[in-house]
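Novice: Have a look at this one.
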Amino acid sequence: MELKPSAHVDTFPRDHLPPAGQWPDLRFDLAGADGPRYPDRLNCGAELLDATVARLGGGRPAVHDGEGGVWSYGELQRHVDRIARALADDLGVVPGNRVLLRGPTTPWLAACWLAVMKGGAVAVTVLAAQRPQELATICELARVRHALCDTRSLDDLVNASVPSLRITPYGGNSPADLLRLAADKPSSYAAVDTSADDVALIAFTSGTTGRPKGCIHFHRDVLAVADTFSARVLRPGPDDVFAGSPPLGFTFGLGGLVIFPLRVGAATLLADWSGPEGLLDDIERHRVSVLFTAPTAYRAMLARLGAYDVSSLRRCVSAGEHLPAALWHAWQKATGLRVINGIGATEMLHIFISAADDAIRPGTTGLPVPGYEARVLGPDGRPAPTGSPGYWPSGALPAAATSPTRASATTCATAGTSPATPMSGSRTATSATWPAPTT
Numbered sequence: 001m002e003l004k005p006s007a008h009v010d011t012f013p014r015d016h017l018p019p020a021g022q023w024p025d026l027r028f029d030l031a032g033a034d035g036p037r038y039p040d041r042l043n044c045g046a047e048l049l050d051a052t053v054a055r056l057g058g059g060r061p062a063v064h065d066g067e068g069g070v071w072s073y074g075e076l077q078r079h080v081d082r083i084a085r086a087l088a089d090d091l092g093v094v095p096g097n098r099v100l101l102r103g104p105t106t107p108w109l110a111a112c113w114l115a116v117m118k119g120g121a122v123a124v125t126v127l128a129a130q131r132p133q134e135l136a137t138i139c140e141l142a143r144v145r146h147a148l149c150d151t152r153s154l155d156d157l158v159n160a161s162v163p164s165l166r167i168t169p170y171g172g173n174s175p176a177d178l179l180r181l182a183a184d185k186p187s188s189y190a191a192v193d194t195s196a197d198d199v200a201l202i203a204f205t206s207g208t209t210g211r212p213k214g215c216i217h218f219h220r221d222v223l224a225v226a227d228t229f230s231a232r233v234l235r236p237g238p239d240d241v242f243a244g245s246p247p248l249g250f251t252f253g254l255g256g257l258v259i260f261p262l263r264v265g266a267a268t269l270l271a272d273w274s275g276p277e278g279l280l281d282d283i284e285r286h287r288v289s290v291l292f293t294a295p296t297a298y299r300a301m302l303a304r305l306g307a308y309d310v311s312s313l314r315r316c317v318s319a320g321e322h323l324p325a326a327l328w329h330a331w332q333k334a335t336g337l338r339v340i341n342g343i344g345a346t347e348m349l350h351i352f353i354s355a356a357d358d359a360i361r362p363g364t365t366g367l368p369v370p371g372y373e374a375r376v377l378g379p380d381g382r383p384a385p386t387g388s389p390g391y392w393p394s395g396a397l398p399a400a401a402t403s404p405t406r407a408s409a410t411t412c413a414t415a416g417t418s419p420a421t422p423m424s425g426s427r428t429a430t431s432a433t434w435p436a437p438t439t
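Under UniProt numbering, the very last position in the sequence shown is 439; numbers go up by exactly one each time.
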């Protein structure tokens, strides 16, 4: 696939994409005739924020902070634009620079992420729990030179001792605090005219099988997950309120708590995880309608449901681990809601196998989300017979290039062991069974 002209001044991300022969067969027809189509020039930050404000107005609630504070879409847009100006004017960030983002889930972390998108830089969002050695490895692999860090999460990043890394805190009292730098900036910013296939973010895997791998996603990919899983399975609307437990350093959280709600003009609750009782309290106080969390949290909340009003919920999404049929039935009996189970991957950005409503079969994951294609393979690599156990291959781009699991609009790659070499990848496999159709 021929790449479009890039807006990046720092060309490291595109320079280190895998060779063309290792790219997957991207098929933009899998979502059907009415599926997403993206123009050559596209900035996902502008699409998620500016286009939504232009369509629905700036007065709608956008972000709740969990402590009674609410930003409207217009306020969020102004915060983002001022931060984007500070990044360029005061910190010298240019399009293509990797910007590490670190902190608990807050509206300011989301605003920083959107500012990086609008500025044409590349977001590398990490977990607040990651330790200095992990942070140093990520910075080395992605050649990160800028970091925006919540003041509460500074110590480990400072102790990572990354050479040439400029760390800018936010949320504190330092004269160099990002929010102070941004406060006096003009409240409008024209997004960088990025290509749809300019790199927007590098999401790192957990590194459970070795060194963490950085999965590259383009600007169009950010919109693609909203226009496939969210639009076709969740079907949210502007009146929804999203909430959940996953941090924004996980793409499960980034999609469910930032990308999906902003794409439709809904509101989102961005507050750090405070346990099952805290989540139940958030649902009741903010009238949350779309919930993202893991089976462990659903199980923990079950015993406490009677003390809270969760009648506002209409969609419950589960991922991150297997959702047992017994837990699914227990939640459905207690709430009347059918949990939407899903399989996602950092390499694929978000959920690509799932089901909703009458298509749900408790104890199973689902079918390929419209916009994706998948097969279950046997030990010989051939399609497994219906009802027979096998595996579905997923993971890095080189694997996807030869496997039948393909994303219609999502490109993924994994960073190699050295930032001086082209990004390479690895194959993973998960046990699966293709179910027989029901009658």
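Cβ coordinates follow ideal geometry from the N, Cα and C atoms, glycine included.
1) Report yes or no: do three or more beta-carbon pairs, one from the segment 262 to 275 and one from the segment 304 to 311, lie closer than 8 Å?
2) Taking the CB atoms as reference points, tell me whether Y372 and L223 lie closer together than 8 Å.
3) Can you say whether P324 is buried or exposed, counting buried as having 16 or more other CB atoms within 10 angstroms of its CB?
4) Please confirm if the segment 176 to 183 is in contact with the segment 157 to 166, defined as three or more CB-CB distances below 8 Å between the two stretches.
5) Bridge partners for P169 per DSSP, in chain order?
6) Is S206 buried or exposed, if buried means 16 or more other CB atoms sit within 10 Å of its CB?
7) Can you list, in chain order, the residues of its chain whose CB lies under 8 Å from that of F12, leaving out five sequence neighbours each side?
8) Would you call the CB atoms of D150 and G103 closer than 8 Å?
9) Are there 16 or more other CB atoms within 10 angstroms of the CB of E67, so buried, or fewer, so exposed?
10) In this structure, does DSSP put T125 in helix, strand or coil?
11) Let me check understanding here. Comparing Cα to Cα, which of L165, L114, G21 and L109 lies closest to L127?
12) Please find out if some non-hydrogen atom of the ligand MG comes closer than 7 Å to the beta-carbon of D90.
13) Quick check on S188: does DSSP put it in helix, strand or coil?
14) So, do the segment 276 to 295 and the segment 235 to 243 have three or more beta carbon pairs nearer to each other than 8 Å?
15) Can you check which of these residues, A300, A374, N43 and G390, is closest to V116 by C-alpha distance?
16) What are the boundary residues of the alpha helix (DSSP H) that includes A243?
17) Between which two residues does the beta strand (DSSP E) holding T296 run?
18) Starting from P61, follow the beta strand (DSSP E) in both directions and report where the run begins and ends.
19) So D272 packs on T105, CB below 8 Å; how close in whole Å?
20) Provide the residue span of the beta strand (DSSP E) that contains G382, from first to last.
21) How do the segment 319 to 337 and the segment 192 to 199 stand: do at least 3 beta-carbon pairs fall below 8 Å, yes or no?
22) Could you check the C-alpha separation between S174 and K333 for me, to the nearest Å?
23) Would you identify the three-state DSSP class for E67, choosing helix, strand or coil?
24) One question on the structure: do V225 and K118 come within less than 8 Å of each other, judged by their Cβ atoms?
25) If you reduce the DSSP assignment to three classes, tell me which class A400 lands in.
26) Classify L101 as buried or exposed, calling it buried when 16 or more other Cβ atoms lie within 10 Å of its own Cβ.
27) Going by CA-CA distance only, name the one from A129, P163, G342 and P107 that's closest to Y170.
28) Tell me the DSSP bridge mates of N341?
29) Could you give the C-beta distance for R152 and R166, rounded to a whole number, given that I count them as a contact under 8 Å?
30) Determine the DSSP secondary structure at T228, reduced to helix, strand or coil.
31) Could you give the DSSP three-state label for A325: helix, strand or coil?
32) Whose C-alpha, out of G59, P370, W23 and A266, is nearest the C-alpha of E2?
Specialist: For this structure:
1) no
2) no
3) exposed
4) no
5) C149
6) exposed
7) G96, R98, R143 and P419
8) yes
9) exposed
10) strand
11) L109
12) Ligands are entirely absent from the displayed structure, and the ligand MG is therefore not among its contents.
13) coil
14) yes
15) N43
16) That residue, A243, is in no alpha helix (DSSP H); its beta strand (DSSP E) goes V241 to G244.
17) That residue, T296, is in no beta strand (DSSP E); its alpha helix (DSSP H) goes P295 to L302.
18) P61 to H64
19) 5 Å
20) Looking at the sequence itself, residue 382 is Arg, so the reference to Gly does not match. Counting along the chain, R382 falls outside any beta strand (DSSP E), and DSSP gives it neither H nor E.
21) no
22) 51 Å
23) coil
24) no
25) Residue placement at A400 cannot be trusted, given a pLDDT of 26 that sits under 50; what the coordinates show is reported in the next sentence. Of the three classes helix, strand and coil, the one that applies to A400 here is helix, per DSSP.
26) buried
27) P107
28) S318
29) Actually they do not touch by this definition, with Cβ atoms about 19 Å apart.
30) helix
31) helix
32) W23
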